[in-house]
Amino acid sequence: MIATPNSAATRFIEMIFPEHANHYGTLFGGNALSLMGKAAFVAATRRARTAVVMASSDKIDFHVPVRVGELVELDARVARVGRASMTVEVEVTAEALLTGERRLAMRGSFEMVAVDASGKPIAIPSPELLSANEERPT
Numbered sequence: 165m166i167a168t169p170n171s172a173a174t175r176f177i178e179m180i181f182p183e184h185a186n187h188y189g190t191l192f193g194g195n196a197l198s199l200m201g202k203a204a205f206v207a208a209t210r211r212a213r214t215a216v217v218m219a220s221s222d223k224i225d226f227h228v229p230v231r232v233g234e235l236v237e238l239d240a241r242v243a244r245v246g247r248a249s250m251t252v253e254v255e256v257t258a259e260a261l262l263t264g265e266r267r268l269a270m271r272g273s274f275e276m277v278a279v280d281a282s283g284k285p286i287a288i289p290s291p292e293l294l295s296a297n298e299e300r301p302t
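Everything in the sequence shown is counted per the working numbering, starting at 165 for the first residue and increasing by one.
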């Protein structure tokens, strides 16, 4: 099965280990941003089917701390597509493995830009064009 542009939503699950934590035993903000950026990158690349780079991050809200030993589930989706850029929204849900308690931990948006081999912005193909060019499974 081939992922289509409409399946550009992305979900990652990551376990938080001590090497991801700060001195309080919770997920270090820089590591959280890295995970969110990775999810945004994958969602944008799946939509554009070309190289993308992050142009900016906007309004990253940290709602609750994520402790060592908890899971984070990162959900990224392309919310807006322009000529060469996309806005990707990322939500991070924390889960305590032993109790199953889940809570919204972080939310943010990222502006991703489609680029050519020299790093210059290029137009993002329409979903119809991408779908027409994809090989169909036999």
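For every residue, glycine included, the Cβ atom is placed at its ideal position computed from N, Cα and C. Small disclaimer: the values here were computed from a predicted structure and weren't measured.
Which same chain residues, not among the five before or five after residue i, have their C-beta less than 6 Å away from its C-beta?
i	result
Val206	Thr174
Ala258	Val230, Glu234, Val236, Arg267 and Ala269
Asp107	The chain is shown from 165 up to 302; residue 107 falls before or after that span and cannot be answered.
Thr214	Ala278
Three-state secondary structure (DSSP) at residue i?
i	result
Lys223	strand
Thr316	Only positions 165 to 302 of the chain appear in this structure, which leaves residue 316 out of reach.
Ser249	strand
Val206	helix
Ser198	helix
Ala243	strand
Pro289	coil
Ala278	strand
Ala212	helix
Per DSSP, residue i forms a beta bridge with which residues?
i	result
Glu234	Bridge partners of Glu234: none, in fact.
Thr257	Glu237 and Leu268
Glu178	Val236
Val228	Looking at the DSSP assignment, Val228 forms no beta bridge with any residue, so it has no partner.
Phe192	Its beta-bridge partners do not exist; DSSP assigns none.
With a 10 Å radius around its C-beta and 16 neighbouring C-beta atoms as the bar for buried, classify residue i as buried or exposed.
i	result
His187	exposed
Ile177	exposed
Thr190	buried
Can you name, in chain order, every residue of its own chain whose Cβ lies under 8 Å from the Cβ of residue i, other than the five neighbours on each side?
i	result
Phe192	His184, Ala185 and Asn186
Arg244	Met250 and Thr251
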